[in-house]
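There are 2 protein chains.
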Amino acid sequence: MRRRARASGEFDLIARVEKRTRLPRSDVLLGIGDDAAALRPPAGQCLVACVDALIEGVHFPRATAPADVGWKALAVNLSDLAAMGAMPRWATLSLTLPRSDPAWLDGFLRGWQRLARRHRVALVGGDTTRGPRAIAVQVLGSAPWRKLLRRSGARVGDSIWVSGTLGDAAAGLALVRRRLRGVNAADARFLRGRLDRPEPRVALGVGLRGRAHACIDVSDGLAQDLGHILVAAGVGATIDAECLPVSPALQRAVPDARRLLAHALNGGDDYELCFTAARARDDRIVALGRALGLRLTRIGRVTAARGLLLRTSSGRHVEYAARGYAHFR
Amino acid sequence: MRRRARASGEFDLIARVEKRTRLPRSDVLLGIGDDAAALRPPAGQCLVACVDALIEGVHFPRATAPADVGWKALAVNLSDLAAMGAMPRWATLSLTLPRSDPAWLDGFLRGWQRLARRHRVALVGGDTTRGPRAIAVQVLGSAPWRKLLRRSGARVGDSIWVSGTLGDAAAGLALVRRRLRGVNAADARFLRGRLDRPEPRVALGVGLRGRAHACIDVSDGLAQDLGHILVAAGVGATIDAECLPVSPALQRAVPDARRLLAHALNGGDDYELCFTAARARDDRIVALGRALGLRLTRIGRVTAARGLLLRTSSGRHVEYAARGYAHFR
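As given, the protein sequences belong to chains A and B, one line each in that order.
Under our numbering, the first residue of the first sequence carries the number 95, and numbering increases by one thereafter.
Under our numbering, the first residue of the second sequence carries the number 95, and numbering increases by one thereafter.
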């Protein structure tokens, strides 16, 4: 990797990164320290690769604890692998910092490493440069090609599922921005934790291999991300508004039913998985959720008629006009 | 990949990136467009991965043409692969732009794609975000593990070689910063071209597989980068100052012999390869250079005594105190 920008102490930064992120894996032949890393690819599987960057002030509030930034930078990438049914293996990190700040870096690496250890992800390449704080992460994983979970593949009649609860992270962000008030301390902590420390659903993704027809992670809000699945297959969906899984904390924080529904449908950054599977597999999906200790909720079904219909509590069907993160703000 | 930040037109950016960087490869099972890419790893080879970021104002002058930025962002990464003897296969790109600027993006992608086509590198993942202009690139290639070129491995008695010419890019940067004047237009164009459009020495790296004992790319200046090779093997080197390859343009631009030597020793950003090989292979290295149409110069030899000795034109040996890019400025 290029060393030029690592003048005046940045060599130390890379050494620091290497020291604090050690995680032995037999498929890492050569880690940080040469011009590039050498990795042993998995036999009989395909590689799964993605990249995601976090910019301070755009993807995380400026006041975010460095450990949370480190966690989240890795988590959002692992979430993409999870959505493919891939097992994570290696990561590279490109870190831009406004100044040499060992305390911030140590915090960042602590959060990163905590999640990395949990999923056994080895950091194999790093690059540090000076500039406005930004983090670009690339992760590599593997999966059997024939069992890869793709966005396309949803079939009419499929059940639509979502993991965990929806809208919590958006409420966490609203708290930071002081657009949500009067929330009790425990609920605020929970909601903020959902924003700062999303749990990539890696085990669920692997469990869904060969079972789900289509899968995506919910980063921009359920409506928009489910929309990608529907467009990819040229199908539609009916969603039961009543079924959307929301946490007790979110229900208390946003008691108004309409606003609560908006959070569940449009709130981004939850990093849950939304997937479709044959109705005949409903029981096995339920069993999988139980085995993983993870709430899996059937929220609707795939329809031949395009578009997204919302079935409200009164039984009415309302056509949902796609509104994403951009418009939600 | 995360879509959240791609609000207000950034979906279009990714579509634009995808459209303008198409390059079919049979080992890309799934490219841009799902949560992650799926790639078929090479049988019997190891993967070689590296990451490198360019920040505007730090790694390239603000006035740099977007096509040059696109070229260089890929080139510096391919140079790392070249230094390992790896063949490039795939790349991912994380692009941070201050605003939606299709003209800049198109220019960037034109430069990128020109180099990508030459080396058959497929862009398989992309992420665009808002912020101060920055580009993080990750490239993946492959090489036979046993023939990988590493920094370590230099042996006492080895010849030390360098490709191309040294110091041109540093002079190009000095021109941009108006620290170098009175250079004729053709020479200025050449030197600036060496800064903006470095040629990653991929074919040389592959040709050196199993022949070179150690290899690194010259990004921070010959003295510093050769220093990494020496430290890794616990050896030293004697360099013939007279032998350092400098271009006629650089000789004209920097007529003073001492300053010229400083450029050749300390100038960064040339992205030539510096490598060591057994003296018995000298003829084959010369033949390789001839076959590739690339100047390869034997500049010295590896010694048991640590440190870097410089043999001057008068035959004197001067101990070279390692000075890198940071101090050069």
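Cβ coordinates follow ideal geometry from the N, Cα and C atoms, glycine included.
Spell out whether any CB of chain A is found under 9 Å from the CB atom of residue i.
i	result
B/Leu-234	yes
B/Cys-140	yes
B/Arg-97	Model confidence at B/Arg-97 stands at a pLDDT of 45, short of 50, so the residue's coordinates are unreliable; what they give is reported in the following sentence. Closer than 9 Å: yes.
B/His-92	Not covered by the structure: residue 92 of chain B. The range shown for chain B is 95 to 423.
B/Cys-309	yes
B/Asp-262	no
B/Arg-244	yes
B/Arg-417	In this prediction, B/Arg-417 has a pLDDT of 48, which is less than 50 and means its spatial position is unreliable; nothing more can be read from the coordinates.
B/Asp-146	yes
B/Ser-408	no
Report the neighbours of residue i on chain A: residues whose CB is nearer than 7 Å to its CB, in chain order.
i	result
B/Ile-254	Simply none; closest approach about 17 Å.
B/Pro-226	Gly-225 and Pro-226
Between residue i and residue j, which are expected to be in contact by the criterion C-beta below 8 Å, what is the C-beta distance as a whole number of angstroms?
i	j	result
B/Ser-236	B/Val-142	6 Å
A/Met-178	A/Gly-299	7 Å
B/Ala-131	B/Gly-219	5 Å
A/Val-256	A/Pro-339	6 Å
B/Arg-110	B/Leu-189	With 8 Å as the limit, B/Arg-110 and B/Leu-189 do not qualify as a contact, their Cβ atoms being about 11 Å apart.
A/Ala-268	A/Pro-292	Going by Cβ atoms, the distance from A/Ala-268 to A/Pro-292 rounds to 16 Å, so no, they are not a contact pair.
B/Ala-228	B/Glu-150	7 Å
B/Pro-192	B/Gly-225	7 Å
B/Ile-333	B/Leu-402	7 Å
By the three-class DSSP mapping on this structure, what secondary structure does residue i have?
i	result
B/Asp-200	helix
A/Arg-275	coil
A/Ser-408	coil
A/His-153	coil
B/Leu-355	helix
A/Glu-366	strand
A/Ser-120	coil
B/Ser-173	helix
B/Pro-160	helix
A/Val-85	As displayed, chain A neither begins before 95 nor continues past 423, which places residue 85 of chain A out of reach and without an answer.
A/Leu-338	coil
A/Arg-97	Bear in mind that a pLDDT of 45 at A/Arg-97, under 50, signals an unreliable position, so the model cannot answer this.
B/Gln-318	helix
B/Asp-252	coil
A/Gly-138	coil
A/Gly-287	helix
A/Gly-258	coil
B/Val-329	coil
B/Val-215	coil
B/Gly-205	helix
Taking 9 Å as the threshold (beta carbon to beta carbon), is residue i in contact with chain B?
i	result
A/Ala-248	no
A/Gly-205	no
A/Ile-108	no
In chain A, what lies closer than 8 Å to residue i by C-beta?
i	result
B/Ile-149	Ala-99, Thr-190, Thr-223, Arg-224 and Gly-225
Mind pulling the chain E residues with CB within less than 7 Å of residue i?
i	result
B/Trp-239	Checking the listed chains, one finds no chain E in this structure; the protein chains it contains are A and B.
Could you name the residues of chain B that residue i contacts, counting a contact when the two beta carbons are closer than 9 Å?
i	result
A/Ala-143	Ala-130, Ala-131, Ala-132, Leu-133, Trp-184, Thr-186, Val-218, Gly-219, Gln-232 and Leu-234
- Query: Using a beta-carbon distance cut-off of less than 9 Å, what residues from the segment 124-136 of chain B approach chain A?
  - Reply: Leu-124, Gly-127, Asp-128, Asp-129, Ala-130, Ala-131, Ala-132, Leu-133, Arg-134, Pro-135 and Pro-136
- Item | Contact set between the segment 163-193 of chain B and chain A, restricted to residues whose Cβ is under 9 Å from the partner | Val-170, Asn-171, Ser-173, Asp-174, Leu-175, Ala-176, Ala-177, Met-178, Ala-180, Trp-184, Thr-186, Leu-187, Ser-188, Leu-189 and Thr-190
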